[in-house]
Structures are given as C-alpha cells and as structure tokens.
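Visitor: What follows is a structure written as structure tokens; I'll ask about it next.
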Amino acid sequence: MIWMFTAKALGAACLLMLGGAVGTMRARRLKSRQELLEQMAVCLRSIGEMLSRHPGPTEEMLRRAAQVAGMALPLACDASPLPQRLKTCFVRQSAQQTEVSKTEWSLFFDAVTALCTEDTLSVCRRLDYARQRLEQLGEEARECARVQGKLYQRMGIAAGAAAALVLM
Numbered sequence: 023m024i025w026m027f028t029a030k031a032l033g034a035a036c037l038l039m040l041g042g043a044v045g046t047m048r049a050r051r052l053k054s055r056q057e058l059l060e061q062m063a064v065c066l067r068s069i070g071e072m073l074s075r076h077p078g079p080t081e082e083m084l085r086r087a088a089q090v091a092g093m094a095l096p097l098a099c100d101a102s103p104l105p106q107r108l109k110t111c112f113v114r115q116s117a118q119q120t121e122v123s124k125t126e127w128s129l130f131f132d133a134v135t136a137l138c139t140e141d142t143l144s145v146c147r148r149l150d151y152a153r154q155r156l157e158q159l160g161e162e163a164r165e166c167a168r169v170q171g172k173l174y175q176r177m178g179i180a181a182g183a184a185a186a187l188v189l190m
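Here the working numbering is used: the first residue of the sequence shown is 23, the next is one more, and so on.
Written out as structure tokens, the structure is:
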C-alpha cells in the first residue's frame, strides 16, 4: 500500500516538473527571439556607424559589426562573390535559428546585402529603416517574453499538476 502511494506521489512530482520544464523551454525560446532581434539591430547600427565615420572593405565591416553585436556571421572564404556568400550564410542561419521569422531575416538580409549593390546614401537609409524596425520588433518581443514567458511557465506547471491529478 505504501509503495503504491509512493509511486503515485513520485509520478505526480515528475509530471509536475515535466510540465514546468516544458513551460520554461517555451519561455526561453521567446527570450532568445528577443535577444536575436536585438543583436540584429546592434549589428545594423554598427554597420551604419562604420559607414558614416570611416567605411572600409565591406567584408571587414560585416565581421566587425557581427563581433560587436555578438552574432555569428560565418562568411565562407571561397572565391564566390560576397552577395552569394551572404545569401548562403543567411539561409544557413535562418534555418538554424527558427525563433526569428523569415520576414525578419529578410529585413536584416536585404539591409546587409545592400552594402554590395547600392550607393552609400541608399544603404544608410535602408540600414536605418531596418534597424528601427528590428528595434521595434525587439521591444515587442521583450514585452511578449516578459508576459507570455510567465504564462507559459504557469501553464506548464498547471498542466503537469492536472495530469498528475488525473493519474492519481
């Protein structure tokens, strides 16, 4: 009799912890989306500042801006043109980091690839627009992570508790 009660209590505790863990994972995903959007905005700001102060080779500016933002922009060192290498890099990154939508990746990608195809004034305008939009999306993501993150954690614990009660 005591073994049955112990097993049920242990199972209920496991379900409760599992529900909490699932909720925490969902909340962490929201937080990583916010951080990635902020990194993208910082990268664009850094590129814009470099263009206005002392523009250098495009590849070097991209590497320094990514380093400042804490992003990984692994540009392949092959002989293909820079726009093609950027496209390959962004396709790979957008596939790996699914927290950010294709539209947001496209906004970032278009602003960065403009460095290779447009004049400096147009690039600065495009970078500024994309940076402002990404900052706005980052603020929205921060608020979403704050509010919905708590909700996901609470719902996970509640779902775990409900499953434990059903099984008891």
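Even for Gly, the Cβ is constructed at its ideal location relative to N, Cα and C.
#1: Does the count of Cβ pairs from the stretch 112-123 and the stretch 52-67 closer than 8 Å reach three?
#2: Let me know if T65 comes out buried or exposed under the rule of 16 or more other beta-carbons within 10 Å of its beta-carbon.
#3: Quick one: any contact between the stretch 174-190 and the stretch 155-165, if contact means 3 or more CB pairs under 8 Å?
#4: Who are the Cβ neighbours of K109 in its own chain at under 8 Å, not counting the five residues just before and after it?
#5: Is the stretch 79-99 touching the stretch 133-152, taking contact as three or more C-beta pairs under 8 Å?
#6: Please name the residue, chosen from L95, I69 and L143, that lies closest to Q118 on a Cα-to-Cα basis.
#7: On a Cα-Cα basis, can you pick out the residue from R50, A152 and D141 that is closest to A63?
#8: May I ask which residues mark the beginning and end of the alpha helix (DSSP H) holding A34?
#9: Relative to the C-alpha of G214, which candidate in L129, E165, A163 and R67 has its C-alpha closest?
#10: Could you tell me which of T80, S116 and R114 sits nearest to P103, measuring between CA atoms?
Guide: Taking the coordinates as given:
#1: yes
#2: As a first step, residue 65 must be located in the sequence shown, where it is residue number 43. This sequence places Cys at residue 65; Thr is not what is there. Label assigned to C65: buried.
#3: With the cut-off at 8 Å, the stretch 174-190 and the stretch 155-165 do not touch.
#4: Looking up residue 109 in the sequence shown gives position 87. Around K109: F131 and T135.
#5: yes
#6: Position 96 of the sequence shown holds residue 118. Among L95, I69 and L143, the Cα nearest to that of Q118 is on L95.
#7: Within the sequence shown, numbered from 1, the residue matching residue 63 stands at position 41. Of the candidates R50, A152 and D141, the one whose C-alpha sits nearest the C-alpha of A63 is A152.
#8: By 1-based counting over the sequence shown, the position of residue 34 is 12. Taken as a continuous stretch (DSSP letters only), the alpha helix (DSSP H) holding A34 covers I24 to R75.
#9: Nothing can be reported for residue 214, as the shown portion of the chain is limited to 23 through 190.
#10: Numbered from 1 along the sequence shown, position 81 holds the residue referred to as residue 103. The shortest Cα separation from P103 among T80, S116 and R114 belongs to T80.
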